[in-house]
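In this note's numbering, the protein residues as written are 50 to 248. Positions of the beta carbon are idealized from the N, C-alpha and C atoms, including for glycine.
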Amino acid sequence: MELKLVQERLKKDYDHIRRKLLNSGEYGLTNVERDELGELSAYDNHPADIASEVWEREKDVGLRDRDKLQLQAIERALSAIYQGTYGVCQSCGTQIPQERLEALPIAVLCKVCQEQDEAQHPNRDWPVEEEFLYPGYARTNLDNTTNVEFDGEDSWQAVARYNERPDYPFDPDLGELDDNEGIVEETDAISNEMYKRKG
Numbered sequence: 050m051e052l053k054l055v056q057e058r059l060k061k062d063y064d065h066i067r068r069k070l071l072n073s074g075e076y077g078l079t080n081v082e083r084d085e086l087g088e089l090s091a092y093d094n095h096p097a098d099i100a101s102e103v104w105e106r107e108k109d110v111g112l113r114d115r116d117k118l119q120l121q122a123i124e125r126a127l128s129a130i131y132q133g134t135y136g137v138c139q140s141c142g143t144q145i146p147q148e149r150l151e152a153l154p155i156a157v158l159c160k161v162c163q164e165q166d167e168a169q170h171p172n173r174d175w176p177v178e179e180e181f182l183y184p185g186y187a188r189t190n191l192d193n194t195t196n197v198e199f200d201g202e203d204s205w206q207a208v209a210r211y212n213e214r215p216d217y218p219f220d221p222d223l224g225e226l227d228d229n230e231g232i233v234e235e236t237d238a239i240s241n242e243m244y245k246r247k248g
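Below, the structure is given as structure tokens:
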């Protein structure tokens, strides 16, 4: 594979991604969120009222970040071409196979070094702000100690019990203890079947 062709391909990809970012206003992130919502303020709204908008905004952030990382990878590959080190692994110094470069022209590591790098820096499936939660309830489980306070495992058990239905024995003196499933207020239980049949 000729370096000139690789360089042209990388520059073409770079220009395409740059244009996409500029034309979309970085996926709409340059717009003020208030303008997109049509609201003067989001403070008085319940978060669920703007859940779709929040999801769209997060998606746009993800798309922008993906494109920026792609631009950085292309810049690294172009820099390697200019320095005359393109096709040489930046970690171990061995030649990167031609097939790998044809499939992934931005590759700056050989397959072995890439796998080692990914093993050392695993891609987490949760956001970075949730790293403090690792390793889950194990860090706050105090059952095997002399500590008797309410710990992480106890909080999980309390949450798990929340949706359990009580198993009342039938006692005619207690009256009906059935919860109104599926309704919040008594008026929610009023049926509109009568109106559906008329229409």
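query = Thinking C-beta only, is L70 closer than 9 Å to R113?
reply = Inclusion of R113 and L70 in the CB contact set at 9 Å is warranted, their separation being smaller than that value.
request  = Taking the CB atoms as reference points, tell me whether Y135 and V55 lie closer together than 9 Å.
outcome  = One thing to note: Y135 has its Cβ within 9 Å of the Cβ of V55.
ask   = Just the Cα atoms here: how many angstroms apart are A100 and S140?
value = 44 Å
inquiry  = According to DSSP, is V137 part of a helix, a strand, or is it coil?
reply    = strand
ask   = Can a CB atom of chain D be found closer than 9 Å to the CB of H170?
value = Absent from the structure is chain D; it holds one protein chain and no more.
query = Which stretch, first to last residue, makes up the alpha helix (DSSP H) that contains S204?
reply = G201 to Y211
request  = List the endpoints of the continuous alpha helix (DSSP H) containing C162.
outcome  = K160 to Q169
key: First through last residue of the alpha helix (DSSP H) which encompasses L112   = Following the DSSP letters along the chain, one finds L112 inside the alpha helix (DSSP H) bounded by residues A100 to Q132.
query = By a C-beta neighbour count over all protein chains shown, 10 Å radius and 16 as the cutoff for buried, is L59 buried or exposed?
reply = buried
ask   = In terms of residue numbering, what span does the alpha helix (DSSP H) encompassing N72 cover?
value = Where N72 is concerned, the enclosing alpha helix (DSSP H) stretches over L52 to N72.
task = Find out if the Cβ-Cβ distance for the pair I66, D109 is shorter than 9 Å.
result = no
query = What do you get for A168, buried or exposed, if any count of 16 or more other CB atoms within 10 angstroms of its CB means buried?
reply = Residue environment analysis places A168 among the exposed positions, since fewer than 16 neighbouring C-beta atoms fall within 10 angstroms of its C-beta.
request  = Output the boundary residues of the alpha helix (DSSP H) element that contains A152.
outcome  = In the DSSP assignment, A152 falls within the alpha helix (DSSP H) that extends over Q147 to A152.
message = Please classify A156 as buried or exposed, where buried requires at least 16 neighbouring CB atoms within 10 angstroms.
response = buried
query = Comparing alpha-carbon positions, which option in A97, Q147, C138 and E151 lies nearest E164?
reply = Between E164 and the set A97, Q147, C138 and E151, the nearest pair of CA atoms involves C138.
query = Can you name, in chain order, every residue of its own chain whose Cβ lies under 8 Å from the Cβ of V161, other than the five neighbours on each side?
reply = So the qualifying residues of the chain are C141.
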